[in-house]
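This report refers to the structure that appears directly beneath it.
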Amino acid sequence: MRKINAIAQKELLALFCSPIAYVILFLSTVIFNVFFFMIIDQNREAQLKDVFTVVEFMLVFFVPIFTMKIFSEERASGTLEFLLTAPVKDIEIVLGKFLGLSIFLTCVLAPTLIYYFILSRFSDFDRLAALWGYCGLWLEGYLFIAIGIFLSSLCRSQIVAAMSSYMVLFLLYFTLSFKTYTQGMWSSVIGYAAVMTHTENFFTGIFLLSDLVYFVSGILFFLLLTKLVLKFR
Amino acid sequence: MIELKNVCKQFGSVEVLSQIALEIQTGEIVGFLGHNGAGKTTLMRIMTTYLPATSGQVFIDGKNAATASLAIRAKIGYLPEKPPLYPNMTVNEYLTLAGRLHNVRPRDLKGAIASVCAECWLTDVQNSPIAILSKGYQQRVGIAQAIIHNPAILILDEPTSGLDPLQVVQVRALIKRCQSQRTVIVSTHILSEIEHLATRVVIIKQGTIAADASVEEVIRTQQSNTLEEAFLKLNRGRSPISC
Ligand SMILES: Nc1ncnc2c1ncn2[C@@H]1O[C@H](COP(=O)(O)OP(=O)(O)OP(=O)(O)O)[C@@H](O)[C@H]1O
Ligand SMILES: [Mg+2]
Numbered sequence: 137m138r139k140i141n142a143i144a145q146k147e148l149l150a151l152f153c154s155p156i157a158y159v160i161l162f163l164s165t166v167i168f169n170v171f172f173f174m175i176i177d178q179n180r181e182a183q184l185k186d187v188f189t190v191v192e193f194m195l196v197f198f199v200p201i202f203t204m205k206i207f208s209e210e211r212a213s214g215t216l217e218f219l220l221t222a223p224v225k226d227i228e229i230v231l232g233k234f235l236g237l238s239i240f241l242t243c244v245l246a247p248t249l250i251y252y253f254i255l256s257r258f259s260d261f262d263r264l265a266a267l268w269g270y271c272g273l274w275l276e277g278y279l280f281i282a283i284g285i286f287l288s289s290l291c292r293s294q295i296v297a298a299m300s301s302y303m304v305l306f307l308l309y310f311t312l313s314f315k316t317y318t319q320g321m322w323s324s325v326i327g328y329a330a331v332m333t334h335t336e337n338f339f340t341g342i343f344l345l346s347d348l349v350y351f352v353s354g355i356l357f358f359l360l361l362t363k364l365v366l367k368f369r
Numbered sequence: 006m007i008e009l010k011n012v013c014k015q016f017g018s019v020e021v022l023s024q025i026a027l028e029i030q031t032g033e034i035v036g037f038l039g040h041n042g043a044g045k046t047t048l049m050r051i052m053t054t055y056l057p058a059t060s061g062q063v064f065i066d067g068k069n070a071a072t073a074s075l076a077i078r079a080k081i082g083y084l085p086e087k088p089p090l091y092p093n094m095t096v097n098e099y100l101t102l103a104g105r106l107h108n109v110r111p112r113d114l115k116g117a118i119a120s121v122c123a124e125c126w127l128t129d130v131q132n133s134p135i136a137i138l139s140k141g142y143q144q145r146v147g148i149a150q151a152i153i154h155n156p157a158i159l160i161l162d163e164p165t166s167g168l169d170p171l172q173v174v175q176v177r178a179l180i181k182r183c184q185s186q187r188t189v190i191v192s193t194h195i196l197s198e199i200e201h202l203a204t205r206v207v208i209i210k211q212g213t214i215a216a217d218a219s220v221e222e223v224i225r226t227q228q229s230n231t232l233e234e235a236f237l238k239l240n241r242g243r244s245p246i247s248c
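Protein chains in written order, with this note's numbering: chain A, 137 to 369; chain B, 6 to 248.
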């Protein structure tokens, strides 16, 4: 655990030493706040579902920006050799990086918790549903990070890593639209693979074990794939 | 002790190292010499378990590199050819990370950092970001991370590249000091360095060992006057220089 922490700290330090972290934090806070007030003003309804949908969409844009260099930069600059010749297990390296980025994601999402308190203060809204929605948002962010880490571990170039992350995340995000063009088994496969199928349930406060399994297994799957990439570097 | 048995390494279909057999005892300072692309870095990477050998076996203190890589890495301090530095970290932060990853106990970490900084003449830049250090200083930070955990085996890939003459002498002295309880393997293109330093020289030519003996013996067997002459003779046919 000590080594995982050491690597997570290093990643956070690297993020906060670069202007990118502050740009993301600033932009996300501004965009989320603007949409929160717009949505509440238009809907005149005390619920966060639509706000979550906006935040979810923005995550598709933000996550690749801070995952793109997580491995590709180490590979290009030769520091991967430093990590891989230290007595650290490959999985510890992967988990350390995942932990670091997850903490950063928490910094991005945490300000949105204020919406929960605002709505609780001024209305009588479904708090449990909102909290469950937040869980979905966080899990989705972690899944996107795991995918970003995996794709970054495959590339030497940050740009290629970012582009491929955008492709995969957009595909995951928009898959649901293809469902109408398919039938039978394909329709259910696409339905299950699409991230929106599951976040929809979270955001409306529907508790389904299969949604939880989707995110947790997805995160584990991509982290283990990354470990394999390191092994067969 | 390091033991290599018929180590071969291929990248795709290109064989970079073939049938390397070596035994290195504790207390030896072994210099790896060879032309560009001879395979020195590749051989060092195999010893550090960074790269697996395509065939053959590597044993370090009796442990097989293929099965006990973590235990082996804990014993090794390694300076890669290009110092593996994180430019946005300060020297202190970087050495703290290196120490933590190399199992230095938290309460010993401060002392270990202070002592390697003193040893590598880094004390005055401890709080500077690595990005602003000159190449020579960065090289010294690279050496410092390799020795922070007091490793039993030290593998240094061109440790004096980019250092000023004063520092070269300092690093040589540092390596000599390490010798008594450690095994040191150094690769370099500076032949005088090997003459000053190494108890044994291994000359690699196109992925095979062309010579493995003490400096004097290599000079004698090649009927030369200097190591440089012997090196050129051994590499005859490879370079445009004839001797
Ligand atoms: N990852 C790799 N993929 C393919 N070929 C490689 C790889 N790493 C090294 N090589 C090849 O292996 C050969 C040996 O390289 P190596 O870096 O070990 O040489 P070297 O003796 O350290 O050279 P130099 O003195 O220039 O540092 C070179 O021909 C190089 O192109
Ligand atoms: Mg080399």
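We put the beta carbon where it would ideally sit given N, CA and C, even for glycine. Please read these numbers as outputs of a predicted model, since none were measured by experiment.
Inset, instruction - Report yes if the C-beta distance between valine 190(A) and tyrosine 251(A) is below 9 Å; otherwise report no. - result: Here residue 190(A) refers to the residue found at position 54 of the first sequence. Here residue 251(A) refers to the residue found at position 115 of the first sequence. Cβ atoms of valine 190(A) and tyrosine 251(A): not closer than 9 Å.
Inset, instruction - Can you give me the start and stop residues for the alpha helix (DSSP H) that arginine 78(B) sits inside? - result: Locating residue 78(B) in the second sequence gives position 73, counting from the first residue. Going by DSSP, arginine 78(B) is part of the alpha helix (DSSP H) stretching over 74-80.
Inset, instruction - Report whether the distance from the Cβ of threonine 46(B) to the nearest heavy atom of ligand 2 is below 8 Å. - result: The sequence position of residue 46(B) within the second sequence is 41, counting from 1. Taking 8 Å as the cut-off, the C-beta of threonine 46(B) counts as close to a heavy atom of ligand 2.
Inset, instruction - Could you name the residues of chain B that cysteine 153(A) contacts, counting a contact when the two beta carbons are closer than 7 Å? - result: Here residue 153(A) corresponds to residue number 17 of the first sequence, with the count starting at 1. Near cysteine 153(A) (Cβ distances below 7 Å), the residues of chain B are Asn93.
Legend entry - Environment of leucine 1(B) [buried if 16+ CB atoms lie within 10 Å]: There is simply no residue 1(B) to check, as chain B begins at 6 and stops at 248 in what is shown.
Legend entry - CB contact check: tyrosine 83(B) to chain A, cutoff 9 Å: Within the second sequence, the letter at position 78 stands for residue 83(B). At least one chain A Cβ lies under 9 Å of tyrosine 83(B).
Legend entry - Secondary structure of isoleucine 65(B), DSSP reduced to three states: In the second sequence, counting from the first residue as 1, residue 65(B) sits at position 60. Here isoleucine 65(B) sits in strand by DSSP.
Inset, instruction - Confirm, please, whether the CB-CB distance from arginine 177(B) to histidine 201(B) is below 9 Å. - result: The residue you call residue 201(B) lines up with position 196 of the second sequence. The residue you call residue 177(B) lines up with position 172 of the second sequence. Yes. Within cutoff.
Legend entry - Distance between beta carbons of valine 206(B) and valine 282(B), contact taken as under 8 Å: Because chain B here runs from 6 to 248, residue 282(B) falls outside it and cannot be looked at.
Legend entry - DSSP-derived helix/strand/coil call for glutamine 211(B): Within the second sequence, numbered from 1, the residue matching residue 211(B) stands at position 206. Coil, per DSSP.
Legend entry - Cβ pair count under 8 Å reaching 3, the stretch 83-101 of chain B against the stretch 127-138 of chain B: By the Cβ rule, the stretch 83-101 of chain B counts as touching the stretch 127-138 of chain B, because three or more pairs are nearer than 8 Å.
Legend entry - Chain-ordered chain A contacts of histidine 107(B) [CB-CB under 8 Å]: Within the second sequence, residue 107(B) is the residue found at index 102, counting from 1. Result: Ala222 and Pro223.
Legend entry - 9 Å Cβ cutoff, lysine 10(B) in contact with chain A: Here residue 10(B) corresponds to residue number 5 of the second sequence, with the count starting at 1. Under the 9 Å criterion on CB atoms, lysine 10(B) is classed as non-interfacial with respect to chain A.
Inset, instruction - For tyrosine 55(B), return the contacting residues in chain A, with the cut-off set at a CB-CB distance below 7 Å. - result: For the purposes of this step, residue 55(B) is taken as the residue at position 50 of the second sequence. What tyrosine 55(B) touches in chain A: Glu217, Leu220 and Thr221.
Inset, instruction - Output the boundary residues of the beta strand (DSSP E) element that contains glutamine 178(A). - result: Position 42 of the first sequence, counted from the start, is the residue given in the question as residue 178(A). Annotation: glutamine 178(A) is outside any beta strand (DSSP E); the continuous alpha helix (DSSP H) that includes it extends over 155-179.
Legend entry - Residues, ordered as in the chain, of the stretch 115-138 of chain B that lie near chain A by beta-carbon distance below 8 Å: Within the stretch 115-138 of chain B, no residue has a Cβ that lies closer than 8 Å to any Cβ of chain A.
Inset, instruction - With hydrogens ignored, establish whether the beta-carbon of phenylalanine 343(A) is closer than 8 Å to any heavy atom of ligand 1. - result: Here residue 343(A) corresponds to residue number 207 of the first sequence, with the count starting at 1. No, ligand 1 has no heavy atom inside 8 Å of this Cβ.
Inset, instruction - Determine, using beta carbons only, whether arginine 138(A) comes closer than 9 Å to chain B. - result: By one-based count along the first sequence, residue 138(A) stands at place 2. Yes, contact with chain B.
Legend entry - Min CB distance leucine 90(B) to chain A below 9 Å: Taking the second sequence and counting its residues from 1, the one referred to as residue 90(B) is at position 85. Yes, leucine 90(B) lies at the interface with chain A (some Cβ there is under 9 Å from its Cβ).
Legend entry - Any chain B beta carbon closer than 9 Å to lysine 146(A): For the purposes of this step, residue 146(A) is taken as the residue at position 10 of the first sequence. Yes, contact with chain B.
Inset, instruction - For the beta strand (DSSP E) holding aspartate 162(B), just list the boundary residues, first then last. - result: If you number the second sequence from 1, residue 162(B) lands on position 157. 158-162 is the span of the beta strand (DSSP E), which, as asked, contains aspartate 162(B).
Legend entry - Residues bridged to threonine 101(B) [DSSP beta-bridge criterion]: On the second sequence, residue 101(B) is found 96 positions in, with the first residue counted as 1. For threonine 101(B), which the question treats as bridged, DSSP gives no partner whatsoever.
Inset, instruction - With distances taken Cα to Cα, identify the nearest neighbour of alanine 157(A) among Ile283(A), Met204(A) and Phe171(A). - result: As a first step, residue 157(A) is located in the first sequence; it is residue number 21 there, counting from the start. Looking at Ile283(A), Met204(A) and Phe171(A), the one whose alpha-carbon comes closest to that of alanine 157(A) is Met204(A).
Legend entry - Boundaries (first-last residue) of the alpha helix (DSSP H) holding valine 130(B): As a first step, residue 130(B) must be located in the second sequence, where it is residue number 125. Element bounds for valine 130(B): n/a, residue is neither H nor E.
Inset, instruction - Return the CA-CA distance between aspartate 260(A) and asparagine 337(A), expressed in angstroms with no decimal places. - result: As a position in the first sequence, residue 260(A) is number 124, starting the count at 1. As a position in the first sequence, residue 337(A) is number 201, starting the count at 1. Those two C-alpha atoms are separated by around 21 Å.
Inset, instruction - State yes or no: is the beta carbon of glutamine 143(B) nearer than 9 Å to at least one beta carbon in chain A? - result: The residue labelled residue 143(B) in the question sits at position 138 within the second sequence. Cβ-Cβ to chain A under 9 Å: no for glutamine 143(B).
Inset, instruction - Helix, strand or coil for alanine 144(A), going by three-state DSSP, please let me know. - result: One-based indexing of the first sequence puts residue 144(A) at position 8. DSSP places alanine 144(A) in helix when its eight states are reduced to three.
Legend entry - Residue interval of the alpha helix (DSSP H) (run including phenylalanine 207(A)): The residue you call residue 207(A) lines up with position 71 of the first sequence. For phenylalanine 207(A), the enclosing alpha helix (DSSP H) stretches over residues 205-213.
Legend entry - Within-9 Å CB hit, arginine 78(B) to chain A: Numbered from its first residue, the second sequence carries residue 78(B) at position 73. At least one chain A Cβ lies under 9 Å of arginine 78(B).
Legend entry - Cβ-based burial, leucine 239(B) [other Cβ within 10 Å; buried from 16]: Walking along the second sequence from the start, residue 239(B) turns up at place 234. By the 10 Å Cβ count, leucine 239(B) comes out buried.
Legend entry - glutamine 186(B), enclosing alpha helix (DSSP H) - first and last residue: Residue 186(B) sits at position 181 when you count from the first residue of the second sequence. Run containing glutamine 186(B): none; DSSP gives neither H nor E here.
Inset, instruction - Output, in chain order, the set of chain B residues within a Cβ distance shorter than 8 Å of leucine 149(A). - result: In the first sequence, residue 149(A) corresponds to position 13, counting from 1. Under the 8 Å cutoff, chain B gives Asn93, Met94 and Glu98.
Inset, instruction - Output yes or no for whether 9 Å exceeds the beta carbon distance between alanine 79(B) and histidine 107(B). - result: Reading the second sequence from its first residue, position 74 is the one you call residue 79(B). Reading the second sequence from its first residue, position 102 is the one you call residue 107(B). The answer is yes: Cβ separation under 9 Å.
Legend entry - Interface residues of chain B facing leucine 142(A) [CB-CB closer than 7 Å]: As a first step, residue 142(A) must be located in the first sequence, where it is residue number 6. The sequence shown places alanine at residue 142(A), rather than the leucine named in the question. What alanine 142(A) touches in chain B: Leu102, Arg105 and Leu106.
Inset, instruction - With distances taken Cα to Cα, identify the nearest neighbour of arginine 263(A) among Ala212(A), Thr340(A), Leu161(A) and Val244(A). - result: Taking the first sequence and counting its residues from 1, one reaches residue 263(A) at position 127. Nearest of Ala212(A), Thr340(A), Leu161(A) and Val244(A) to arginine 263(A), Cα basis: Thr340(A).
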